[in-house]
Amino acid sequence: MRALDVLREAAAMKDQARTRGGALALWVLRGHCPDEWLVAFWDAAGSDHEIGRSQGMHAAYNGIVRQMRTRGGLLQTAAPLQSVAVDPI
1 MRALDVLREA AAMKDQARTR GGALALWVLR GHCPDEWLVA FWDAAGSDHE IGRSQGMHAA
61 YNGIVRQMRT RGGLLQTAAP LQSVAVDPI
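Quick note: the sequence shown, position 28, residue 28 per UniProt numbering, numbers continuous.
Right, dumping it as structure tokens:
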């Protein structure tokens, strides 16, 4: 599903990821996933803390994918995001 691709790309961004494309992708996913996961992704995308933003967006994305699979709205082929290790400062 293209909306999930947009969220996956947003989660890979280094900067804040609150974009129109991300907002539209979350809007498209309404009805396919509980709002709590969508709001969690949006909130994390706007965080100023790079590590927290990355962890929050990855967790929310994986939750969205899991919910869509559970509800039958997604095939098992969509892979969850893998966390990327960040070097400590």
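Beta carbons are placed, not taken as given, at the ideal position from N, Cα and C, and that holds for glycine.
Excluding five sequence positions before and after methionine 1, none of the CB atoms of its chain fall closer than 6 Å to its own CB. Assignment of arginine 71 by DSSP, reduced to helix, strand and coil, places it in the coil class. A check of alpha carbon separations from alanine 10 across Asp35, Glu36, Pro34, Glu50 identifies Glu50 as the nearest. Separation of glycine 72 and arginine 30 (C-alpha to C-alpha, rounded to the nearest whole angstrom) is 15 Å.
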